[in-house]
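Chemist:
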Ligand code: F6P
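Residue numbers (the UniProt record's numbering): 1 to 319.
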């Protein structure tokens, strides 16, 4: 393989640049040319493709976002979109591809591999919801963004003796809510993977109040319900003054943590190695601090699950 492509796709995540940098540098180290495909699969369809040099990724390892831009591209789910993308791969002589993104992006990678273009999926999403890896690129940074915000909210919650509901990202996955809730000692954590009982939440808040605890933090993953609605219900049921903060896209930005930079570097480099070994249709990941790879079809056929033990612990520690 003499020429590969790299793209970032789906919701961006801090550390994507570090992954792209690793792909570019590792490939060039092995005398392989690298082309950047801009705006995800849309760029593949439209031929928005440019050669990347060593210097193209200089001064990017610490930057959030993605220098290749990102997009969600429904057109690439259709055969016609894929056909246009393949025409451009042919035109630019690109023989294999690295795709940094979440599960939606991996579906495109699977399609390209089936069409004869070996493609490797590198998990980049703040949701931490990709099977086959303990961590996705960007999760650690987003988690730290969330806990920094909650620490601040806690200060004002204490001063005003209020209840705060904080809504964090995670349409289908509760990892960000669970980890931040545990890291911040939240009174309740609501995640899409587990049923919640409003009466129990209210009872816990009232118990705390009777013990003299006048402020509380409830973390809600967006997929578990609207923070605003849940805040209203809590205020009505408890009579405690309640405020809601929706953290939103602040969670997707910012300079990646050291953990995310190192993870992205290791995963990006491994993706290139796999292509050079003649492999495609794989995803890379980290499990027990070892870099691993899996069949992309297998990864796409299993659902990410929450760590039940951690969820149970969060319940036990917030009695
Ligand atoms: O998948 C990452 C993510 O940030 C989710 O947590 C969130 O639900 C979604 O993307 C938001 O997507 P968009 O930026 O397209 O609104």
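All residues carry an ideal CB built from backbone N, CA and C; glycine is no exception.
Predicted model only: the values in this text are computed from it and were never measured.
My understanding is that residue 19 touches residue 272, with C-beta atoms under 8 Å, so please give their C-beta distance in whole angstroms.
Modeler: Not confirmed; about 11 Å, so no contact.
Chemist: Measuring from each Cβ to the nearest heavy atom of the ligand F6P, keep the ones under 6 Å and list them in chain order.
Modeler: Here the list is 11, 102, 125, 126, 127, 169, 170, 171, 222, 252.
Chemist: Straight-line CA distance for residue 296 to residue 182?
Modeler: Roughly 31 Å between the two C-alpha positions.
Chemist: Counting only runs that start and end within the region 223 to 269, where is the alpha helix (DSSP H) found for 4 or more residues in a row?
Modeler: Whole alpha helix (DSSP H) segments, 4+ residues: 227 to 238.
Chemist: Residues in the same chain with beta-carbon distance under 7 Å from residue 328, minus the five sequence neighbours each way, listed in chain order, please.
Modeler: Given that the chain is displayed from residue 1 to residue 319, the structure contains no residue 328 and the question cannot be resolved.
Chemist: Please return the same chain residues whose Cβ sits closer than 6 Å to the Cβ of residue 62, not counting the five positions on each side in sequence.
Modeler: Only 255 meet the Cβ criterion.
Chemist: Please state whether the Cβ-Cβ distance between residue 191 and residue 142 is less than 9 Å.
Modeler: For residue 191 and residue 142, no; Cβs fall outside 9 Å.
Chemist: Between which two residues does the alpha helix (DSSP H) holding residue 69 run?
Modeler: Note, residue 69: premise wrong, no alpha helix (DSSP H); not H, not E.
Chemist: Which runs of the alpha helix (DSSP H) spanning at least 4 residues fall entirely within the region 97 to 168, listed in chain order?
Modeler: Taking only runs of at least 4 residues, the alpha helix (DSSP H) segments lying wholly in the region 97 to 168 are 103 to 114, 139 to 160.
Chemist: Going by alpha carbons, who is nearest to residue 294 out of 319, 124, 133, 82?
Modeler: It is 133 whose Cα lies nearest to the Cα of residue 294.
Chemist: My understanding is that residue 306 touches residue 174, with C-beta atoms under 8 Å, so please give their C-beta distance in whole angstroms.
Modeler: With a Cβ gap of about 6 Å, residue 306 and residue 174 count as contacting.
Chemist: Residues in its own chain within less than 8 Å of residue 70 by CB, not counting five upstream and five downstream?
Modeler: 8, 9, 10, 11, 12, 16, 39, 40, 101.
Chemist: Does the contact criterion of 3 or more C-beta pairs under 8 Å hold for the region 80 to 95 versus the region 111 to 120?
Modeler: Contact between the region 80 to 95 and the region 111 to 120 is present, because at least three Cβ pairs lie under 8 Å.
Chemist: Give me the Cβ distance between residue 322 and residue 145, rounded to the nearest whole Å; I'm assuming they're in contact under 8 Å.
Modeler: Coverage of the chain is limited to positions 1 through 319, which leaves residue 322 absent and any answer about it impossible.
Chemist: In angstroms with no decimal places, state the Cα-to-Cα distance between residue 184 and residue 267.
Modeler: Roughly 29 Å separates the two Cα atoms.
Chemist: With which residues is residue 190 paired in a DSSP beta bridge?
Modeler: Residue 190 pairs with 220.
Chemist: What whole-angstrom Cβ distance do residue 32 and residue 54 have, given they're in contact under 8 Å?
Modeler: Not really, about 12 Å apart at Cβ, beyond 8 Å.
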